[in-house]
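Engineer: Protein chains in written order, with full-length UniProt numbering: chain A, 1 to 165; chain B, 1 to 984; chain C, 1 to 143; chain D, 1 to 93; chain E, 1 to 531; chain F, 1 to 114. Glycine included, C-beta positions come from ideal geometry on N, C-alpha and C.
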Amino acid sequence: MIRAVLPHPILSLALFGASLLLSGSVAAPALALALLMALAAPHIMRALEVEPVRVRRPLTLVSFAMVVTRDIIRSNWEVALVILGLNASRENRVSGFVHIPLEMRDRYGLAVLAVIITSTPGTIWVEYEDATGVLLLHILDLQAGDDWADRIKNRYERRLMEIFE
Amino acid sequence: MIDTPVPASFLLLVILVLPFLGAMIASGLPRHARTSAAVLSWIIALISVGCLAVLWPRFQDGEVLKLTLAWLPSLGVNLTIRLDGLSWLFSALILGIGALVVLYARYYMSPKDPVPRFFSFLLAFMGAMQGVVLSGNLIQLVVFWELTSLFSFLLIGYWHQNASAREGARMALTITATGGVALLVGMILIGRIVGSYELDAVIAARDVILASPLYPVALGLILIGALTKSAQFPFHIWLPRAMAAPTPVSAYLHSATMVKAGVFLLMRFWPVFGETEMWYFVVGGLGLTTLLVGAWCAIFQHDLKGLLAYSTISHLGLICLLLGLGSDLGAIAAIFHTINHATFKASLFMAAGIIDHEAGSRDMRKLSGLIRFMPITATLAMVAAAAMAGVPLLNGFLSKEMFLAEALASTQTSALNQALPVLATLASAFSVLYSLRFIHTTFFGPPPTELDRVPHEPPSWMRRPVEVLVALCLLVGVFPAVTVGPFLRSAAVTMLGFDLPYYSLALWHGFNLPLLLSVIAMAGGIGLYVVFGKALNANPRGGPWGMKRLNGGYLFERSQVILMDLSQWIVRHLGAQRLQPQLRLILLTALLSAAVAAAGGFVLTWPEFRVPQPHNLAFAALWLAGGSCALAAAWQAKYHRLAAVILMGGAGLASCLTFVWLSAPDLALTQLVVEVVTTVLLLLGLRWLPKRLAEIHVPESEQRRARWRRRLDRVIAICAGAGAALIAWAVMVRPPVEGVSRFFVERAYEEAGGRNVVNVILVDFRAFDTFGEITVLGVVGLTVLALLRRFRPASDSLSQPMQKRVQDASDRAREGRSEGDTLSDTMMIPGVVMRWLFPFIILLAVHLFLRGHDLPGGGFAAGVALSIAFILQYMSSGARWVEERLEIRPIIWIGVGLLIAAISGAVGWIFDQPFLTSYFQYADLPLLGRVPLASAVLFDLGVVVLVVGATVLILVALAHQSLRRARIEEAEAEAEAEQKGGAQ
Amino acid sequence: MTGFPANVPAWAALLAACLVLAGSALTFLGAFGLVRLKTFYERVHAPTLGATLGMFLILGGSVVYFTAAEGQFMPVELLVAVFFTVTTPVTLIILARAALFRDRTDRSGDGVRVPLEGECAGVVRTPPDLTTDPRRSDAPQDR
Amino acid sequence: MSGAVFYWALVVAQLFLAGAALIGVWRIAKGPRAQDRILGLDTLYQAGMLLVVAFGVRTGSHLYFYAAVIIGMLGFTSSVALAKFLMRGEVIE
Amino acid sequence: MTDWQEHLIIGPIVLPMVIAAAMLLFDERRRLLKGGLSLFAMAAILAMALALLHESATGATGGGDTARVYQLGDWPAPFGIVLVADRLSTLMVALTSVLGACSMIFALARWDRAGPRFHALFLLLVMGVNGAFLTGDLFNLFVFFEIMLAASYGLALHGSGEARIRAGLAYIAVNLTASMLFLIGVSLIYGVTGTLNMADLAVRIPQIAEADRGLFHVGAAILGVAFLTKCAMWPLGFWLTTTYSAASAPAAAVFAILSKVGAYVIIRLSFLLFAADSGASAGFGQLWILLGGLATIGFGTAGIIAARDLSIAAAYAVIVSSGTVLAAAGTGNADVLGGAVFYLVGSTLACGALFMLAEVLNRGQDPGARSGRAVFEDEYIDPFDDEERNEPGLVIPAAVAALGGAFLISTLMIAGLPPLAGFIGKLAMMDALSGLAGWAGYGVIAALSLASLGALIGLTRLGMAALWARDDDAEPAVVVGAAEGVAIAGLLAACIFLAIFGEAGFAYADHTADWLVRPDAYVRAVLGGGS
Amino acid sequence: MTQIVLALAIGVLTASGVWLMLRPRTFQVIIGLSLVSYAVNLFIFSMGRLRSGAAPITSKGAEDPALYADPTPQALVLTAIVISFALTALFLVVLLASRGETGSDHVDGQEAPE
Ligand code: NA
Ligand code: NA
C-alpha cells in the first residue's frame with residue numbers, strides 16, 4: 001500500500017524539502033506544491049524502473065558524512081599546497097594510478113563512493129570494471145607509505161557497505 | 001460625330017467580337033474537324049463582312065461611329081470601337097481577304113494538321129486586326145496591336161516541328177513585340193501630352209502635341225512601333241523568315257493585313273504628325289530605303305515566297321514613302337496602293353502556295369514551264385504579277401502612277417526630294433524585274449525536271465479566292481472610279497478632311513511625266529531581266545549582291561546571341577551563386593548603408609568621464625574571458641571543431657552572466673538552459689561531420705585569391721564589430737527615452753497580475769510574439785524531422801565511431817567481458833546520478849514555470865529544463881532504453897502545446913474580447929489561501945509543452961540517426977551473411 | 001552600491017564577505033592549478049577545490065547574508081551545494097575515463113604512462129619529468 | 001567602514017572568480033587536448049556559478065539565485081555530453 | 001458589425017495554426033484527412049480574406065478610409081500588439097490565400113507525399129505570411145517573418161535531394177543573416193524611439209531629437225537592408241533563384257508571395273514612417289530603393305533571358321516583379337504606387353502559375369517521369385514509396401494545348417503584355433511615371449519596357465523548347481493530374497479575372513496607394529483606439 | 001565603464017561571428033551564426049540602457065518605472081534567443097544533410113572551382 005503511494009520514500013522526502021527550498025517559503029501553497037511534487041514525481045522513477053534506495057543504518061550515514069567532510073577539507077588544504085608548490089614532497093611529488101579491488105556491488109553504494117572519491121581533491125575515480133570489481137584511481141600526490149587501497153576500503157567502502165547492503 | 005444608334009453599336013460589337021468568339025469555338029473542335037472549322041470561320045468572316053456592308057452607307061459622308069465600353073476608365077483606357085472611313089476600308093480588307101484566305105486554307109491545309117487550331121488562331125488574329133483598326137483609344141490600339149504580334153507568332157510557328165518555323169516565329173514576335181512596347185510608351189507619352197488616350201481627342205490636339213517637348217520622343221517611339229510592324233528597314237528582317245508559316249498565313253498576315261497595321265498606324269497619326277520634319281525624314285527616308293532595299297533583295301530570291309516577301313517589304317516601303325512625303329495626294333496614293341497591294345499580293349501568295357502544294361517546291365531553280373501543267377493558275381499569277389509590276393489596266397499601275405507623280409511633284413526642297421524621281425523609277429524598274437523573273441522562271445521554259453511529282457491544277461475551290469482577287473485587280477485597274485473610288489474617298493476624308501485635293505481615278509491621264517517614268521521603268525525592268533536574268537537565276541550563292549552583310553537572319557541571331565551572352569555575363573558577374581560572396585555582399589551593403597545613414601547626422605555624445613567603479617573590473621574581467629572565447633572560437637573553428645563548440649559555450653556563459661549583472665534574470669536563466677541544449681545539439685551533429693581530412697589541395701592562384709578574400713573578410717568583420725560596438729555604445733550612453741515600457745511596469749501587477757514584468761510582457765502584453773515564437777520552434781521541429789527522415793550520412797561518417805569500435809573490439813577480445821561492457825562500466829556511476837536527477841529537474845521545471853509570472857522563470861526556461869532532463873536520460877542509458885520505458889511522442893507534444901496556447905488565447909472570444917486577452921484573479925482557496933490565478937499561465941503551459949516537444953524532437957531525431965545507421969548496418973550484415981550462406 | 005543594507009547586521013555582512021572571499025580565493029587557487037599542473041591527470045584534480053570547499057564557503061556566505069537580511073533561514077543554497085557536488089564528479093569521471101581511453105589508443109598521448117586494460121599492477125607512478133611535451137599540439141582525432 | 005570592507009571583500013572575491021573563469025578560458029583555448037578543453041569549460045561553469053552567488057551577496061538580491069541553481073543542476077550536462085563524446089564518439093547511443 | 005466580424009482579422013493567422021497543430025496529432029497515414037483539413041483551412045482562409053477585402057473595399061470601415069484594428073490581449077496600441085487590416089494588408093492576405101489555395105491543390109496531386117508533414121508546414125507558412133501582412137508591430141513582424149521563413153525552410157527542402165539541400169543551406173544562411181540585421185535594426189529603432197508600434201513610430205519620428213536622428217537612420221537603414229534582402233533586391237537577392245528553382249513546385253509557387261512580404265514591408269514602412277511630414281526623415285532611403293529596384297529589374301531580366309530552365313526563369317521573374325514594385329515604391333508617387341500594387345497582385349499569381357507549369361513541363365520532357373517517380377531517383381528513400389495510387393481521375397485532353405495556353409497567359413502576365421492584368425499594372429505605372437519630373441520616371445519606364453521584352457524573349461524561348469515539338473511529328477507528351485490542372489487554371493483564371501474587372505481592381509489599388517501616402521489616417525486608426 | 005565593456009563585447013562577438021560566417025566550412029558558419037546571435041542578443045538588450053541590480057520585478061506599490069531596468073528589450077531578447085536556438089538547430093541539420101548529399105562540408109556543397 002505504502003509502496004504504491006510512495007515507491008521511493010527517501011526521494012519523496014528529498015523532493016519535499018527541495019520544493020520548499022525552491023519556493024523559499026513554508027506557506028500553505030508552497031507546502032501544497034511540495035507535497036504534490038513529493039507524491040507525484042517519484043512515479044516517473046517507477047517508469048524508469050529504478051530500484052528504491054534503502055538506507056539500513058541512518059546513524060552510520062551521519063558519522064560517515066562527518067568523516068567525508070573532514071577528508072574533503074583536509075584534501076583541499078593538501079591540494080592547495082600542491083598547486084602552490086608548498087607541499088611536503090614538492091621536489092619529487094609523484095602522481096599516478098592505483099588499482100583497488102572493491103567488494104561492494106551495490107550501485108548506490110558505488111555511486112556514493114565514486115562521488116566522494118572524485119569530490120575529494122587529489123583523488124579521482126577513473127575506471128571501474130563491474131565484472132571484476134577493480135577500481136582504478138588517479139592520485140595527485142602519491143606519497144610513499146600511503147596505502148590507498150586500505151584507505152578507500154576501510155574508510156569508505158566498509159561503511160558504505162554497512163549502509164547500503 | 002454622332003452618338004451611334006443601338007443597331008449600329010451592335011454591329012460594331014459584332015465585327016469586333018465575332019472573330020474571337022469563332023476562335024474560341026474553333027479551338028474546341030476536334031483535331032480533324034477541318035471542314036467544320038473552315039465553315040465556321042467562313043461564316044464568321046461573312047457575317048462580319050455583312051455587318052460592315054450594312055454600315056457602309058454611313059461613311060460616304062465621313063461619319064464616325066463610336067461605341068465606348070468602359071474597361072479601365074480611371075486610367076482613361078476604354079474599349080472604344082470607332083469606325084470611320086479609313087478603318088472601314090481596312091476592316092473590309094481584313095474581313096474580305098480573310099474570307100478568301102479561309103476558303104483557300106481549307107484546301108491548302110493537310111488533313112494531318114490540327115486544322116481547328118489553325119483556324120482558331122487565324123480567327124483570333126482577324127479579331128486582333130479588327131481591334132487595331134477599330135480602336136478609338138490609343139491604349140486599346142496597343143492592346144490589339146500586341147495581340148496581332150502574338151497570334152502571328154502562333155500562326156508562323158504553327159508547324160513548330162520545323163526549326164525554321166520556330167525561329168521565324170520567334171524573330172517575328174521579338175521584333176514586332178519590341179515595336180509594340182515602344183508603341184505603348186509612345187502612346188503613353190501622347191496620352192500624357194494630350195491628357196487623354198481617346199483618338200479623337202488626340203487628333204484634335206495636334207498643336208498641343210507638336211508644341212510639347214516630349215513630341216519627338218513620342219513620335220520616335222510610335223514610329224518604331226509602326227515601322228517594325230510594317231517591316232521597314234532595318235526592321236524588315238523578320239518578314240522573310242515569317243515565310244515559314246503556312247502560305248494562307250503569308251497571304252493574309254504578311255501581305256494584306258498585319259504588315260498593313262503599321263501603315264494603318266501611320267495613316268492614323270498622319271493628320272497629327274504628317275507635316276513635321278521628323279516625320280518626313282524618318283518615314284520618308286526609311287520608306288525610300290525600304291523600297292529600294294526590298295526590291296533589290298527581291299530580285300535575288302530563289303524562293304517564290306521569299307521573292308514575294310521582299311517585294312512586300314518594298315511595296316510597304318513605297319506606301320511609307322508616300323505617307324512620309326506629307327502631301328495630301330501622297331496620302332491618297334498611299335491608301336490606294338494599300339488596297340491594291342493587298343489584292344495582288346494576296347493572290348500572288350496564294351498562287352505561290354498552289355504551286356508549292358501541287359508542284360512540291362517553291363524553289364524557282366527547280367520550277368519551270370508550269371504553264372503547261374497549271375495554265376489557269378499560271379494565268380492568274382501572271383495577271384497578279386503584272387499588277388505588281390505596274391502594268392497598265394491593272395490596279396498596280398494606277399497607284400504607281402500616283403506615286404511617280406508625287407515623286408515628281410515634290411522635287412523642290414531637299415536633295416532627297418530631288419533624287420526621288422530617279423530612285424522611284426529605279427525601284428519601279430526593279431519591281432518589273434522581279435515580277436518578270438517570278439513569272440518567267442516559274443511558268444515558262446522547259447518542263448521541270450527536279451520535282452518529285454507531276455504538277456497539276458489545284459482543286460477549283462482552292463483557286464477561287466485567287467480568281468476573285470485577280471478579278472478585283474483587273475476591275476480596279478480598268479474602272480477605278482467606280483470600284484474603289486467611294487471607299488478611297490471616304491478613307492481619304494478621314495485623313496485629310498472634306499477639302500480633299502483634286503485627284504483623278506482614271507486609267508488614262510494623257511501623256512505626262514509620270515507616264516514617261518513608268519515606261520522607262522518598264523523598259524528598264526525588262527532590259528535588266530534580259531541582261532541579267534540568267535545570272536540571277538543561277539546566282540549560286542543566293543542572296544542579294546552587295547548585301548551579304550545585311551543578312552537579316554544572321555543579324556538577328558547575332559543580336560540574340562549577344563543578348564544571351566550579355567545576360568549570362570550579367571548573371572555571372574553581377575550575380576553570385578555561391579554563399580560566401582552573397583553573405584559578403586549583404587554585410588557590406590548593411591555596413592555601407594549604415595555608414596551612409598550615419599553620415600547624415602550621426603552625433604556621438606560623449607558621456608562625462610567617471611572613474612570606473614571597482615566592481616565593474618570583475619565585469620571587465622568576465623568579458624576578457626568571454627571575448628577571448630569568441631576570438632579563439634573564430635580561430636579554432638576550422639580545424640578544432642570541438643574546441644570551437646566549447647569556446648562558443650564559454651562566450652555564451654559570459655552573455656548569461658552579463659544578463660545577471662545587468663538586471664535581466666529571466667534572460668540569464670533562459671540563455672543558460674539554451675546554452676546547454678545547444679552544446680548537446682552541436683555535439684550530436686559533430687558525430688556526422690568528418691574528421692578534418694588532409695588539407696584540400698588548393699592551387700597557387702586560388703590561394704592568392706583566398707588570401708585576398710580573407711583580408712577582405714577581416715576588414716568586413718572588424719568593421720561590423722566596430723560598427724555594432726559603436727552604435728551600441730552610442731545608445732547606451734544616451735539617457736533613456738520615455739517609451740512603452742512605463743506602461744508595462746505600471747500595469748504588470750495591477751492589471752495583469754504578475755510582478756515579473758518581462759514574463760508578463762511575454763505571456764500577456766506581447767503574448768502574440770510568444771505565440772509566434774513557439775510556432776517557429778514547432779515548425780523547426782517539423783522541418784528537422786522531415787529532413788532527418790531522409791538523412792543520408794556522408795560515406796566517411798557511416799561507420800560506427802572509432803571509439804565505439806575500439807572499445808567493443810577490446811571488450812570482445814578480453815576474457816570475461818562482453819561487448820558493451822566498457823560503455824556500461826563507464827556510464828554506471830553517471831547513470832545513477834543522472835537518473836536520480838530526473839525528478840529533481842522536473843521539480844525545478846515546475847518551479848520555474850509556476851514562479852515565472854512573479855519571479856524569474858517562465859514557460860520557456862521550464863520547457864528547456866524539462867527537455868534537458870530527458871536528454872540526460874538518453875545520454876546515460878541510450879535511446880532504446882529510454883524509449884522502452886517512456887513513451888515520448890514529441891510531435892504530439894508540439895501539436896498539443898500549440899493547441900493549448902491557441903485555446904488559452906481563444907478564451908477571450910467567449911467574453912467577446914480579442915484573442916489572447918487574459919484574466920487573472922486572486923482566488924481564496926481552502927487551505928491554500930489567496931492564490932493568484934491568471935489565464936496567462938495556461939498560455940505559458942502551452943509554451944512549456946511545445947518547448948519540451950520541439951527540443952526533444954530535434955535532439956532525439958538527430959540522436960536516432962546513429963540507431964538507424966546501426967540498424968541498417970545490422971540488416972546489411974545479415975543480408976551479406978545470408979548471401980554467403982546461399983552461395984555455399 | 002558600495003555597502004550592505006541597514007537591516008543586515010554588520011557582523012553577518014562581514015562574516016558573509018569573509019566566507020565569500022575565502023571561497024573565491026580557494027576557487028581561484030583551484031583554477032590556478034590548471035596552469036600549474038603539468039599533465040591532464042593532475043589538472044583534473046584542480047577544479048575540485050572550487051567544487052567542494054570553495055563552493056561551500058561561498059554558499060555559506062550567501063546563507064549567512066540572506067538569513068540575516070530576510071530574517072528567515074531558508075538555505076536554498078543547500079540545493080545548489082548538493083546538486084553541484086553530485087554532478088561535478090559525473091563529468092570528471094567520464095572525462096578521466098575518456099582521457100584514459102584516448103591515451104591507451106594513442107600511446108604517445110600525454111606523455112603519461114597509463115595502465116592498460118586489465119592490467120592490475122597496483123600502483124602506476126608518473127614521475128614529474130615524464131610530463132607533457134610542450135611541442136605536442138592537439139591530437140589528430142580531435143574534431 | 002564595515003560597508004567598505006564588505007564591498008571590497010566582495011569585489012576582490014569577484015575578481016578572484018573572474019580570474020578563475022579567465023584561466024578556464026585559457027585552458028579551453030590552449031588545450032592541448034580535448035579533455036583539457038572540457039576541463040577548462042567545467043572550471044568556467046563553476047566560476048560562473050559562484051560569480052552569480054557572489055554577485056547576489058554583493059547586491060543583496062536573491063533574484064539571480066535560480067541562475068546558480070540551474071548551473072548547479074544542469075550545467076554539467078554540456079560537459080558530460082562533451083566527455084561522453086570523447087569517450088564514445090557519440091553523445092546518445 | 002457583428003461580433004464575429006470583429007475577430008475576423010485574426011482568423012487568417014490562428015486558423016491555419018490551429019489546424020496545423022491539430023494535424024500533428026495524427027500520423028502521416030491519415031493522408032486523406034490531412035488533405036481535407038488543408039483544403040478546408042485554405043477555403044476558410046480564402047473566405048475570411050475575401051470578407052476582409054470586401055470590407056476594406058466598401059463596407060464597415062468607411063469605404064476604406066480607415067482600417068480595422070485588432071488589439072491583441074485587449075491592450076491598447078502602442079503598448080500591446082495590434083493587427084491592422086487596411087486596404088493593403090487585406091489585399092495581400094487575399095492574394096496569399098488565392099495563391100496558397102492553388103498551390104495546396106497542386107500539391108494534393110502528388111507533392112504532398114514527397115516528405116513528411118507537408119500540410120502542417122504549408123499552413124504554418126500561410127500563417128506566417130498572413131501575420132506579417134497584418135501586424136502593426138515591428139517586432140511582431142520579425143516573429144511572423146521567422147514563422148514564415150522557418151516554414152519556408154521546411155518547404156524549400158520538401159522532397160529532399162541534393163539540389164534542394166544545397167540551395168536550402170544558402171537560403172537559410174542568408175535569411176539568418178538578414179534576420180540578425182532585422183533584429184539589430186528593430187532594437188536600435190526601439191533604443192532611439194522607445195516604441196515598436198509602427199503607427200506610434202510614425203508619430204514619434206518627427207519628434208526625434210536631432211542628435212538622435214542619425215542613430216535612428218542607421219537603424220532604419222539596417223532594417224531596410226534586411227527587408228531588401230528578403231525581397232531579393234540586387235545585390236542582396238541571389239539566394240532566391242537557386243532556392244526557388246530547386247524547391248518543389250507547390251512550394252516554389254507559394255514562395256512567389258514570400259519575397260513580396262519584403263516588398264510589402266518596404267512599402268508599408270517607407271510610406272508610413274518617412275512620409276512628407278516626418279520632418280528631417282522624410283523620404284529616407286527612397287532614392288536607394290529606386291536605384292536598387294532598377295538594378296533588380298535589370299538583373300532579373302538578364303536572368304530570365306539567360307535562364308536554362310523554366311523554373312529558373314520563373315525565379316528570376318519573381319525577382320523582376322520585386323524590383324518593379326521596389327522601383328515604383330522608390331518614386332514615392334501615389335499613382336505609380338497604385339499601379340505597382342495592382343501589378344504586384346497579378347505578377348505574383350503569374351509567377352506562381354509559372355512555377356507549376358515549369359514542373360509539369362519539365363516532367364513532360366523527361367520520358368521516364370510519366371509515373372512521377374523518376375523525379376526522385378536520387379532519393380535515399382523513394383518519397384512516394386507507399387501504396388500504389390491511381391492518378392486522380394482524368395488526364396486532361398489535349399494537355400499540351402492547354403498547357404500552351406496557360407504558358408502563354410503566364411508569359412503575357414509576367415512580361416506585362418496586353419491584354420492581361422500584368423499589362424494593366426504596367427500601364428498604370430507607366431502612365432503615372434510619365435508625369436513625374438526628373439529622370440526617375442523615364443528611367444523606370446525604360447526599365448519596365450526592357451523588362452517586358454526580356455521576359456518575353458526569355459520565356460518564349462523556354463516555352464518553345466518545352467512545348468513545341470522538335471523535328472518529329474510527335475507532340476511533347478505531358479501528363480497533368482486533375483488537381484494540378486485545377487490549380488494552374490485557378491491561378492490563371494484569377495489573372496484573367498483581374499484583367500476583366502481591371503477597373504475595380506485598379507480602383508482598389510489606386511485607393512490603396514492614396515491611403516498609403518496619407519499615413520495620418522492609418523495612425524489615427526491605430527492609436528485612436530480601434531475601429 | 002560597463003557600457004564600454006559591453007560595447008566591446010558586442011563588437012568582439014560580432015567581429016568573430018561575422019568572420020566565421022564568411023568562412024567556407026559549414027561548421028564555421030554555424031559557430032559564426034551562434035556568436036553573432038549572442039552579439040545581437042546583447043545588442044538588443046543594450047538598447048534598453050544598462051542598469052545593475054534593478055531587475056524588472058516589481059514589488060507591491062513600487063511600480064515606478066525609474067526603479068527598474070527597461071523590461072521590453074529583455075522580452076525581445078527572450079524571443080530572439082528562442083528563435084535563434086531553433087534556427088541554429090535547423091541550420092545544423094541542414095548542414096549535416098548537405099554534407100551527406102554532397103560529401104563536402106563546404107557551404108556550397110563543393111570546393112571552390114579553379
Ligand atoms: Na577529486
Ligand atoms: Na522547381
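What residues from the region 77-88 of chain C come within 8 Å of chain A, judged by C-beta to C-beta, listed N to C?
Structural biologist: Residues passing the 8 Å Cβ filter: L78, L79, T85, V86, T88.
Engineer: Output needed for A352/B: all residues of its chain with C-beta closer than 7 Å, excluding positions within five of it in sequence on either side, in chain order.
Structural biologist: So the qualifying residues of the chain are T247, L304, K305, L308, R362.
Engineer: At which residue ranges does the region 3-34 of chain B contain complete alpha helix (DSSP H) runs of 4 or more residues, listed in the order of the chain?
Structural biologist: List check, alpha helix (DSSP H) in window: 6-27.
Engineer: By the DSSP assignment, the beta strand (DSSP E) with D924/B in it spans what residues?
Structural biologist: From DSSP, the beta strand (DSSP E) with D924/B extends over 920-925.
Engineer: On the three-state DSSP scale, how would you describe P12/E?
Structural biologist: Of the three classes helix, strand and coil, the one that applies to P12/E here is helix, per DSSP.
Engineer: Give me the chain H residues within the contact set of L20/F, using Cβ-Cβ distance strictly less than 7 Å, ordered along the chain.
Structural biologist: Absent from the structure is chain H; the protein chains it does hold are A, B, C, D, E and F.
Engineer: Which residues of chain B have a Cβ atom closer than 8 Å to the Cβ of S78/D, listed in chain order?
Structural biologist: Ordered by position in chain B, the residues that pass the 8 Å Cβ test against S78/D are G649, E675, V676, T679, V680.
Engineer: Let me confirm a value: A489/E is counted as buried when at least 16 other C-beta atoms fall within 10 Å, else exposed. Which label applies?
Structural biologist: A489/E is buried by the Cβ-count criterion.
Engineer: Starting from F56/C and walking both ways along the alpha helix (DSSP H), at which residues does that stretch end?
Structural biologist: Note, F56/C: alpha helix (DSSP H), 55-70.
Engineer: I need the DSSP call for D64/F, collapsed to helix, strand or coil.
Structural biologist: Here D64/F sits in coil by DSSP.
Engineer: Could you name the residues of chain A that P890/B contacts, counting a contact when the two beta carbons are closer than 7 Å?
Structural biologist: Within 7 Å Cβ-Cβ: nothing; P890/B doesn't reach chain A, min ~17 Å.
Engineer: By the three-class DSSP mapping on this structure, what secondary structure does I139/A have?
Structural biologist: The answer is strand: DSSP assigns I139/A an E or B state.
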